[in-house]
Amino acid sequence: MRILPCYLLTIPISKSYLFTEICTFFSKVLEEVYSLGNDAGIVAEQFASHFTPALERKKWLCSNGKRSTACVIFVNDLALIDPIACIEPYIKPNHLLDSVFSELCADGHSLRVNWDSFLNWENVQTCPGLKESLPSEEFTTDLLNTPELGTHVLFTSYLFSKEQEALTNVQRDIQDLADAVRYSLPELNKIPRNRSQWADLLLRQVRELLVPVCESGKLNLLCRLEFAMAVSLALSACHSRSPNECHNDSDANSVSLEKLLMRYERSLIVAAQVDAKLISQLEEPTKCEPIVMQAINQARLKLKYLDDIFLFLVYILSLVPAQSPVSNFVWDSMTQLLQTGKRTRESATRHGRGFLVPSCMSVDRLIRNLKALREERRMLPCYNCLWSSQPRYRSPLIQLVSDLRTASLQPSDTSPSLKGLKYHSSTSRSAKWLTGLSRYIPLGGSGQHTGVSHDVDYVILVIMGSVSFSLVRDLLETAQGHASRESPFRLKIVANQFTGGIPGLSGFFKMDN
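Okay, so the sequence shown: first residue is 1 according to our numbering, each after it adds one.
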């Protein structure tokens, strides 16, 4: 098993959580607190002022050679900081667990695996009274309902895996399970080539093994069957977020959301780099808007459902540089497109995968939220408009961790963006005592602060919202760097939940106070 340079929590962030869950860890850690985003700044300020250690603890830490140091960075919801990472699991997940959570984790905390396809009610006619006793709701189990979540197969086996590698591991795990209960599975005629074939294979194998596992008495193996069933359900889901149809009866003119994005993503990223350069030269950007309008016009012809339309608009809008103005003409076109999707939803019945955009959200409210998020992102002092030298998108959080790693190894190469993180000093009722003592003993959080701490034992990212598995994997790999060089710090990630269902997109759906 690979030892991960991380500590991953998915517990709702609250004041009581900060006091109880992190208190033990910070009892021997001297921390510096930073934030990225307004909401994150509010929580970081509370953390720094309420959790900040008393004078005696600071004195002890500063004189104790065994202490550890930490850079704690509170980060706003990904809807603001990295909208693409926020919605990517719903459009084109590049991690198997993102596919599972985006499809089956409707509330953001429980992962519901549906077993109705295994149930057979043939005896309903021959058994009087059985029909009345049948459950009216779907028969589901919660894959996350386990006391040992930290060592769950989800996190110990698949976190670092690419999708094809993960599917191969699932298949190997199923075969090991069959060997454990001494059951011979049918031989494979050919290796699955696509998601649909993998879904069918896993479903057949789970059906074959369910009874033998139960009869063997090795009930601890059921969680592995449950995970294989979850993967099968996720892979067999429709590509379109249609409320009542799938591929076999969809409109011939419609295309999948992922395919439509592929037509414009690369050209829009290249145009964004050109516009970003024009903005830096105090010139007016001109390249992105024509491509955005062309994409909107195509979406009007190809996309019919509100969820597809909303995800599409968020994605292409997020590729436009944050400093580039969006014209009223573009906003009006987006409004008209969303209104079309809203009317289609109102005339449809709710089936299948359900809705992502809450029914209570009006089109005007959605547009106002997108405008507000874009304006707030534009005002961020750092990591609001980052592009690599290659025509590809790179997450601002990936860039942040990369900059921290570079600064730890080579302080002279510190990125200017790191200096834009907001620092939160440690204030308490003993502030005057701390200020006086800092003349003689250097105390974290007291006196003038010049930049982010580089030489630390831990970097702790506290994400105020959901996080995807692919982003976690990429963050950890970025922190680890090349295998030939040891990571300069251990990365810890704290988030409310893994991305799934409406909660994963809640940052886009704020209502008026």
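Just so you know, even glycine gets a beta-carbon here, dropped at the ideal spot from N, CA and C.
Identify whether residue i lies in helix, strand or coil by the three-state DSSP scheme.
{"i": "Met511", "result": "coil"}
{"i": "Glu215", "result": "helix"}
{"i": "Ala252", "result": "Unreliable positioning characterises Ala252 in this predicted model, as indicated by a pLDDT of 44, which lies under 50. The coordinate reading is nonetheless provided below. Reduced to three states, the DSSP call for Ala252 is coil."}
{"i": "Ser333", "result": "helix"}
{"i": "Ser466", "result": "strand"}
{"i": "Ser236", "result": "coil"}
{"i": "Met361", "result": "coil"}
{"i": "Thr414", "result": "coil"}
{"i": "Ser161", "result": "coil"}
{"i": "Tyr315", "result": "helix"}
{"i": "Pro503", "result": "helix"}
{"i": "Gln323", "result": "coil"}
{"i": "Ser49", "result": "helix"}
{"i": "Gly108", "result": "coil"}
{"i": "Val170", "result": "helix"}
{"i": "Leu185", "result": "coil"}
{"i": "Ser117", "result": "helix"}
{"i": "Gly481", "result": "coil"}
{"i": "Val206", "result": "helix"}
{"i": "Arg473", "result": "helix"}
{"i": "Asp455", "result": "coil"}
{"i": "Thr146", "result": "coil"}
{"i": "Arg224", "result": "helix"}
Which residues bound the beta strand (DSSP E) around residue i?
{"i": "Lys92", "result": "Where Lys92 is concerned, there is no enclosing beta strand (DSSP E), given that its DSSP letter is neither H nor E."}
{"i": "Asp142", "result": "Thr140 to Asp142"}
{"i": "Asn194", "result": "Taken as a continuous stretch (DSSP letters only), Asn194 belongs to no beta strand (DSSP E), as it is neither H nor E."}
{"i": "Val113", "result": "Arg112 to Asn114"}
Please report the distance separating the alpha-carbon of residue i from that of residue j.
{"i": "Gly108", "j": "Trp198", "result": "25 Å"}
{"i": "Arg473", "j": "Arg182", "result": "35 Å"}
{"i": "Leu188", "j": "Ile84", "result": "38 Å"}
{"i": "Leu278", "j": "Pro321", "result": "11 Å"}
{"i": "Tyr458", "j": "Thr69", "result": "6 Å"}
{"i": "Asp77", "j": "Pro192", "result": "37 Å"}
{"i": "Arg365", "j": "Ala495", "result": "26 Å"}
{"i": "Ser157", "j": "Val274", "result": "42 Å"}
{"i": "Leu177", "j": "Leu221", "result": "7 Å"}
{"i": "Phe118", "j": "Ser216", "result": "19 Å"}
{"i": "Cys288", "j": "Tyr393", "result": "15 Å"}
{"i": "Ser359", "j": "Pro93", "result": "25 Å"}
{"i": "Ser333", "j": "Glu208", "result": "52 Å"}
{"i": "Leu154", "j": "Ala228", "result": "11 Å"}
{"i": "Pro503", "j": "Leu185", "result": "39 Å"}
{"i": "Lys162", "j": "Arg343", "result": "39 Å"}
{"i": "Phe139", "j": "Ser466", "result": "27 Å"}
{"i": "Leu409", "j": "Pro416", "result": "16 Å"}
{"i": "Pro285", "j": "Ser324", "result": "7 Å"}
{"i": "Tyr383", "j": "Ala271", "result": "19 Å"}
{"i": "Ala299", "j": "Ile309", "result": "7 Å"}
{"i": "Ala376", "j": "Ser425", "result": "It should be pointed out that residue 376 corresponds to Glu in this sequence rather than to Ala. So the two alpha carbons sit approximately 23 Å from each other."}
{"i": "Glu226", "j": "Leu505", "result": "26 Å"}
{"i": "Gly420", "j": "Pro381", "result": "5 Å"}
{"i": "Leu356", "j": "Gln205", "result": "31 Å"}
{"i": "Leu235", "j": "Leu167", "result": "11 Å"}
{"i": "Asp403", "j": "Leu418", "result": "7 Å"}
{"i": "Leu260", "j": "Ser110", "result": "31 Å"}
According to the neighbour-count rule (16 or more other Cβ atoms, all chains shown, within 10 Å of its Cβ), is residue i buried or exposed?
{"i": "Glu31", "result": "buried"}
{"i": "Val292", "result": "buried"}
{"i": "Gln171", "result": "buried"}
{"i": "Met464", "result": "buried"}
{"i": "Val211", "result": "exposed"}
{"i": "Asn328", "result": "exposed"}
{"i": "Arg67", "result": "exposed"}
{"i": "Thr164", "result": "Reading off the sequence, residue 164 comes out as Gln, not Thr. When all chains shown are included, Gln164 counts as exposed."}
{"i": "Gly436", "result": "Here Gly436 scores only 44 on pLDDT, less than 50, and its place in the model is too uncertain to base an answer on."}
{"i": "Asn194", "result": "exposed"}
{"i": "Asp413", "result": "exposed"}
{"i": "Glu103", "result": "buried"}
{"i": "Lys304", "result": "buried"}
{"i": "His95", "result": "buried"}
Just reading off the alpha helix (DSSP H) that residue i is part of, what are its end residues?
{"i": "Ala495", "result": "Taken as a continuous stretch (DSSP letters only), Ala495 belongs to no alpha helix (DSSP H), being part of the beta strand (DSSP E) at Arg490 to Phe498."}
{"i": "Val270", "result": "Leu257 to Ser280"}
{"i": "Cys288", "result": "Cys288 to Lys302"}
{"i": "Ser102", "result": "Leu96 to Leu104"}
{"i": "Val401", "result": "Pro396 to Leu409"}
{"i": "Leu80", "result": "Leu78 to Ile81"}
Consider the Cβ of residue i: report whether some Cβ of chain C lies at a distance smaller than 8 Å.
{"i": "Leu476", "result": "Included in the structure is just one protein chain, with no chain C present."}
Which residue or residues does DSSP assign as beta-bridge partners of residue i?
{"i": "Tyr34", "result": "Ile73 and Tyr423"}
{"i": "Leu461", "result": "Ile73 and Ile493"}
{"i": "Ser68", "result": "Val29"}
The ligand ZN and residue i: does any heavy atom of the ligand fall closer than 7 Å to the residue's C-beta?
{"i": "Met464", "result": "Among the components of this structure there are no ligands whatsoever, and the ligand ZN is therefore not found."}
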